[in-house]
Amino acid sequence: MNCKNCGQEIDKKAVVCTGCGCKIKKPFYKKLWFWLIVVVVIAIVGSSSGGSDTSTNTTNKQAEVITYEVVDLQTMFDELDENAMKAESAYQDKYIEFQCKITNFDSDGRYIGVEPVNGSEWNFITAMCYIKDDAQKSFLIEKNVGDTITIKGQVKEIGEVLGYSIDIKEVY
Ligand SMILES: [Zn+2]
329 MNCKNCGQEI DKKAVVCTGC GCKIKKPFYK KLWFWLIVVV VIAIVGSSSG
379 GSDTSTNTTN KQAEVITYEV VDLQTMFDEL DENAMKAESA YQDKYIEFQC
429 KITNFDSDGR YIGVEPVNGS EWNFITAMCY IKDDAQKSFL IEKNVGDTIT
479 IKGQVKEIGE VLGYSIDIKE VY
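Below, the structure is given as structure tokens:
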């Protein structure tokens, strides 16, 4: 490295020129404060973009993670029988998980009818569970009327005559 003032060759670490005695200015990129700023800027940019990434990830996860409330189908039937308005406000759009017994299959594979496992024999109310994908279909095609299954699903419709319509999310 040479002195900018007199051209004298000087040591890289020299603070003062050995030729003319002037102060040697280090290039900005060799100064500590420059790198401190670089680090801080990277940290800020990283945390802000990373931060927004994290928040979108969280929202995505929140959209994916559904909590299913474990319910008793017979209780749901009884509640609908007693007060359809109350049942609707309690279960409309709810994500529920319940055990049930298959009562019938739609031959076109659109839905199955189910009843409570240990329910009363004279349920006026029914529950129709709609098949939403091929995995559910291939699981259910192996089953028979009377088989017990567990369904995780979302209640789509509640009617005092038609009973519950439930979209199957998972069945096993
Ligand atoms: Zn010099």
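For the sequence shown, position 60 matches number 388 in our numbering, and the numbering has no gaps at all. Think of the CB as a built atom: it goes at the ideal place given N, C-alpha and C, for glycine as much as any other residue. Every value quoted in this text rests on a predicted model; they were computed, and no experiment measured them.
Margin query: Does the contact criterion of 3 or more C-beta pairs under 8 Å hold for the segment 434 to 442 versus the segment 390 to 399?
Written below: Put simply, the segment 434 to 442 does not touch the segment 390 to 399. Fewer than three CB pairs are less than 8 Å apart.
Item checked: N- and C-terminal bounds of the beta strand (DSSP E) containing LYS429 -> 423 to 433
Next item on the list: Flag this pair as yes or no: are the beta carbons of GLY481 and ASP495 separated by less than 8 Å?
Entry: yes
Next item on the list: Confirm the yes/no value for this check: CB of GLY347, any heavy atom of ligand 1, distance under 7 Å.
Entry: yes
Check: What is the C-beta distance between MET456 and SER417, in whole angstroms, given that I count them as a contact (C-beta under 8 Å)?
Finding: Wrong, their Cβ atoms sit about 20 Å apart, outside the cutoff.
Next item on the list: Counting only the same chain and skipping the five closest in sequence on each side, list residues whose C-beta sits under 8 Å from that of CYS348.
Entry: CYS331, ASN333, CYS334 and GLN336
Margin query: Measuring only the C-alpha atoms, how far is GLN464 from THR431?
Written below: 17 Å
Next item on the list: Would you mind reading off the limits of the beta strand (DSSP E) that contains GLN482?
Entry: 476 to 487
Check: In three-state DSSP terms, what is GLY437?
Finding: coil
Check: Do you know offhand how far LEU401's Cα is from LYS429's?
Finding: Straight-line measurement puts the Cα of LYS429 at about 10 Å from the Cα of LEU401.
Margin query: My assumption, with CB atoms under 8 Å, is that TYR458 sits in contact with GLU425. Please give the rounded CB distance.
Written below: Not a contact, Cβ separation roughly 16 Å.
Check: Going by alpha carbons, who is nearest to THR476 out of LYS359, GLY447 and ASP406?
Finding: GLY447
Check: Which stretch, first to last residue, makes up the alpha helix (DSSP H) that contains GLU407?
Finding: Start and end: 401 to 410.
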